[in-house]
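One structure below.
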Amino acid sequence: MSYPEVRPRRLRRSPAVRRLVEETRLSPAELVLPLFLKEGLTEPREISSLPGVVQHSRESLRKAAHEAVAAGVGGLMLFGVPTNEHKDETGSAGLDPDGILNVGIRDLVSEVGDSTVVMSDLCLDEFTSHGHCGVLAADGSVDNDATLPLYASMAVAQAQAGAHMVGPSGMMDGQIGVIRAALDKAGYQDVSILAYSAKYAGAFYGPFREAVESTLQGDRRQYQQDPPNLREALREVDLDIAEGADIVMVKPALPYLDVIAAIRERVTVPVAAYQVSGEYAMVEAAARNGWIDRDRVIFESLTSIKRAGAQIMLTYWATEVAQKLR
Ligand code: PBG
Numbered sequence: 001m002s003y004p005e006v007r008p009r010r011l012r013r014s015p016a017v018r019r020l021v022e023e024t025r026l027s028p029a030e031l032v033l034p035l036f037l038k039e040g041l042t043e044p045r046e047i048s049s050l051p052g053v054v055q056h057s058r059e060s061l062r063k064a065a066h067e068a069v070a071a072g073v074g075g076l077m078l079f080g081v082p083t084n085e086h087k088d089e090t091g092s093a094g095l096d097p098d099g100i101l102n103v104g105i106r107d108l109v110s111e112v113g114d115s116t117v118v119m120s121d122l123c124l125d126e127f128t129s130h131g132h133c134g135v136l137a138a139d140g141s142v143d144n145d146a147t148l149p150l151y152a153s154m155a156v157a158q159a160q161a162g163a164h165m166v167g168p169s170g171m172m173d174g175q176i177g178v179i180r181a182a183l184d185k186a187g188y189q190d191v192s193i194l195a196y197s198a199k200y201a202g203a204f205y206g207p208f209r210e211a212v213e214s215t216l217q218g219d220r221r222q223y224q225q226d227p228p229n230l231r232e233a234l235r236e237v238d239l240d241i242a243e244g245a246d247i248v249m250v251k252p253a254l255p256y257l258d259v260i261a262a263i264r265e266r267v268t269v270p271v272a273a274y275q276v277s278g279e280y281a282m283v284e285a286a287a288r289n290g291w292i293d294r295d296r297v298i299f300e301s302l303t304s305i306k307r308a309g310a311q312i313m314l315t316y317w318a319t320e321v322a323q324k325l326r
C-alpha cells in the first residue's frame with residue numbers, strides 16, 4: 001500500500017487556507033448594472049420573467065443608480081423603453097435628444113457624476129416598430145449600410161447627453177468605425193466604446209424582450225452570431241478593435257466561457273461579458289422552487305465568468321453582489 005506524497009487537499013483544509021490560495025476573487029468595481037427606463041412611468045414596474053428587476057420611472061432610476069454607486073458598482077448600462085407611439089420604422093426616438101434613453105442618460109449623469117461609468121445601449125431595437133436592430137430594406141432584411149448613419153447620430157446624441165461610454169449592440173458590420181469617426185468629429189474623443197463584439201443569436205434573451213417590450217418580428221440570425229461558431233467571434237473582435245473598440249464584450253456569458261477565454265488570450269483591450277436575462281431568470285426560477293442555493297449559484301457563475309477571462313461583467317445582480325462583497 002503506497003500513500004500519496006503530494007496532497008492537494010492540504011490547501012483545502014480550512015477557510016483560511018482556501019482564502020489564501022483563491023485564484024479568482026470578485027470585486028464590486030468590475031460589475032456593471034443594466035437598468036431599464038420606461039417612458040411615462042410614475043412608479044417602477046415589475047418584469048414578470050425577471051423577478052427582482054424592474055422597468056424604472058425616472059425617479060426610481062435615480063434611486064437605483066445611487067444605490068449601485070453606494071455599493072461600489074463599476075458602471076451602469078442604460079436601456080430606454082419608449083411608449084409604443086414613439087416607435088417607428090427607423091427608430092427615430094433613439095436619436096432624439098429628448099427621447100427616453102437620452103433623457104435617462106442625463107438623469108444618470110446628474111445623479112452619479114463621475115463616481116461610476118455611465119454607459120448607454122446603442123441600438124435601435126427598442127425604438128423600431130418591427131423590433132430589429134436596424135432599418136429594413138425593401139425585402140424585409142436588416143439594411144446594414146442604411147443603419148450605420150443612424151448609429152452614428154445616436155452615438156453623438158448619447159455623448160451630448162453625457163454618456164461616458166456607448167455600447168453598440170446591433171452587430172452591424174462596420175458599426176464601431178462609423179461610431180468612432182462620428183464621435184471624434186463631434187468633439188467626443190473621450191467617449192469610449194464598449195463593443196458587443198461577439199453577440200450570439202441564441203435563446204437566452206427571452207426575458208429581456210419583456211423588459212423592453214420588444215415587438216421583434218422574426219429573429220436576429222442574419223446579424224448576430226451563430227452559437228456553434230468560435231473563430232467567427234475572434235474575427236469580429238479583431239475587426240472591432242481595428243475600428244476603435246476600447247473594450248470588447250461577449251454575450252451571453254456562461255454558455256460562452258470558451259469564447260471569453262479565447263478572446264482573453266488574443267487581445268490586449270479589456271474583455272467584458274454580459275450575463276444576460278435568460279441566465280438570470282434560470283437561476284431565480286430554480287431558486288424559487290427550492291432546487292438550488294441561489295446565492296451560491298450567483299457567486300459561482302460570476303466567478304466562473306471572471307475565471308474564464310472577463311474582467312468586466314454586466315449582471316442584473318450587480319448591486320446585490322457588490323453589497324455582499326463589502
Ligand atoms: C439589443 C440588446 C439585447 C440585449 C442587450 N442588448 C437583445 C437582443 O440582442 O436581442 C439582451 C440582454 C439580455 O438578455 O439581458 N439592444
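Residues in the sequence shown are numbered from 1 upward in steps of one, following the UniProt record's numbering. Glycine included, every Cβ here is placed at the ideal spot set by N, Cα and C.
Exercise. Tell me the DSSP bridge mates of Val269?
Worked result: BP columns for Val269 are empty, so no partner.
Problem set entry | Enclosing alpha helix (DSSP H) for Gln55 [first to last residue] | Looking at the DSSP string, Gln55 is not in any alpha helix (DSSP H); the run it does join, the beta strand (DSSP E), is Val54 to His56.
Exercise. DSSP on Lys87, reduced to helix/strand/coil?
Worked result: coil
Exercise. According to DSSP, is residue 360 helix, strand or coil?
Worked result: Limits of the chain in this structure are 1 at one end and 326 at the other, which puts residue 360 out of reach.
Problem set entry | 8 Å contact criterion, which Trp317 and Ile298 should meet: CB distance rounded | 5 Å
For this session: With DSSP as the reference, label Leu95 as helix, strand or coil.
Result: coil
For this session: Using DSSP bridges, identify the partner residues of Arg45.
Result: Gln55
Problem set entry | Option in Thr268, Pro270, Arg294 and Ala272 with minimal Cα separation from Tyr280 | Arg294
For this session: Could you spell out the range, first to last residue, of the alpha helix (DSSP H) harbouring Asp121?
Result: That residue, Asp121, is in no alpha helix (DSSP H); its beta strand (DSSP E) goes Val117 to Leu122.
For this session: Give the DSSP bridge partners of Pro227, in chain order.
Result: The partner list for Pro227 (beta bridge, DSSP) is empty, contrary to what the question assumes.
For this session: Could you spell out where the beta strand (DSSP E) holding Val21 opens and where it closes?
Result: No beta strand (DSSP E) holds Val21; the alpha helix (DSSP H) holding it covers Pro15 to Val21.
Exercise. Alpha carbon to alpha carbon, how far is Thr128 from Leu37?
Worked result: 16 Å
Problem set entry | Inter-residue spacing [alpha-carbon to alpha-carbon] between Leu230 and Asp240 | 16 Å
Problem set entry | Contact set for Ala233: own chain, Cβ-Cβ below 6 Å, skip 5 residues either direction | Ala198 and Val259
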